[in-house]
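Trainee: Take the sequence shown: its letters are residues -25 to -1, 1 to 122, numbered as in mature numbering (1 follows the signal peptide of the UniProt record, and there is no 0).
Before we start, here is the structure in question, set down as structure tokens.
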Amino acid sequence: MRRPRAFPTAATLALALLASGPPAAAQTASGTVTISQTQVALLVSGALGGGVLTYEGREHPFTIGGLGYGGLGISTIEASGKVYGLERLEDFEGPFAQGRAGAVAGTEQVEGGIWLVNPQGVTVELKSRREGYALSLGGDAVFVKFK
């Protein structure tokens, strides 16, 4: 019986990402991004949402979804931030490893940090606002697809 290999690979990428942390502030941003996402977690987490990448003066809407580990609860996330290392628009689409840290209880909003890295060297550093009941500290693999 064949075992799916995507989750262990995503977990390994996410752990490496968590160890490296967000990008250095000295880098010049290639663009900006806004994301709206709903996340559900009970040790294994799932998320679905969308966003807009602003790159070279144009807006590019996309969907985002994925699986991960390390969380408990349900929350909505509104995030915005900067994109680094994006040289071609097509390098933004595809898989990203995600690191995150934060907590939220009820409607009290708590700021947390999220950073994403893909195999093409694109890094997204986000500041997020979350609502709901959730505790998260872990990593995920997310998939970006332009609409």
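Just so you know, even glycine gets a beta-carbon here, dropped at the ideal spot from N, CA and C.
Computed from a predicted structure; not experimentally measured.
Does DSSP classify E65 as helix, strand or coil?
Mentor: It is helical.
Trainee: Give a yes or no on whether the C-beta atoms belonging to V92 and A72 are separated by under 9 Å.
Mentor: yes
Trainee: Helix, strand or coil for Q95 per DSSP?
Mentor: coil
Trainee: In chain order, what residues of the same chain have a beta carbon less than 6 Å from the beta carbon of Q2, not counting five sequence neighbours either side?
Mentor: Y59
Trainee: Pull up the CB-CB distance for E106 and T51, whole angstroms please, since I reckon it's below 8 Å.
Mentor: 5 Å
Trainee: Which of helix, strand or coil does DSSP assign to Q73?
Mentor: strand
Trainee: Identify the residues that DSSP records as bridge partners of Q2: which are they?
Mentor: None, per the DSSP bridge assignment.
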